[in-house]
Amino acid sequence: MSITLKWGRERLQIPLPSLDTKLSIFRQTLSEHTHLPPDSFKLIHAGAVMKDDNAPLSAYKLQSGNTLLLLDSKPVASPSPAPAAASKPPKTEASTIQAIQAELASVRGTLEPSVDAFLRTPTLDAEHTRLGELLLQALLRLDALNIDSTWVDARRERKGAVRAVQGVLDRLDKGWREARAQVQTQQNGAVPQR
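Heads up, the sequence shown is in our numbering, so the first residue is 293 and it goes up one at a time.
Here it is as structure tokens:
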């Protein structure tokens, strides 16, 4: 029994430990595979960030064959000051919801159409990588929003936005894998014409 760990462009098959294993122990196992410190990455499953290190894996409804997304939660700092100013937490629940909706609208307005166009003719590795990285950055920006624990609507909005962005990323990766498999099948099964 194993799960797929998506980490940037990497796809790792990781053995799924017992479901009563605490998340902190599982993080340590993933740390050994990725060589990242256990507290330096976030795990996302089914659109939700796995945060409680004391919770057993069963609390996250992990099953064999599931996919986890690993995001480095300590990205390299950008040299421009603009992103730092943009990362200040919004002051109200309404402004937080607006920030979430703006990020999702940006993904739907620019990245999703680019993904759709790419999937019609998926030929360039570089474009797949670029789109995947941009979607991962959108997920990080959504996760970086500081949401008060009493803001139920904002939390629900962010969860929905994370699921939507993750869905676009999953669709991109699935379409890319299928296109590559089709090319390999054609190359392996092609008979020279005379």
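All residues carry an ideal CB built from backbone N, CA and C; glycine is no exception.
The structure displayed is predicted, hence computed values, not measured ones.
Put simply, the stretch 468 to 479 does not touch the stretch 346 to 363. Fewer than three CB pairs are less than 8 Å apart. Only residues of its own chain outside the window of five on either side were considered, and among them F333 have a CB closer than 6 Å to the CB of D364, listed in chain order.
Between the alpha carbons of L297 and W443 lies a gap of roughly 31 Å. Fully contained in the stretch 314 to 363 are the following alpha helix (DSSP H) runs of length 4 or more, in chain order: 315 to 326. For W443, the secondary structure class from DSSP, reduced to helix, strand or coil, is coil. For the pair D312 and P348, the Cα-to-Cα distance works out to about 5 Å. Annotated as distal: L362 and H420, with beta-carbon spacing of 9 Å or more.
With a cut-off of 8 Å on Cβ pairs, the stretch 456 to 470 is in contact with the stretch 398 to 415, counting three or more such pairs. DSSP, reduced to helix, strand and coil, places L308 outside both helices and strands of the structure shown, so it counts as coil. The stretch 383 to 398 makes contact with the stretch 442 to 456: 3 or more CB pairs, one atom from each, lie closer than 8 Å.
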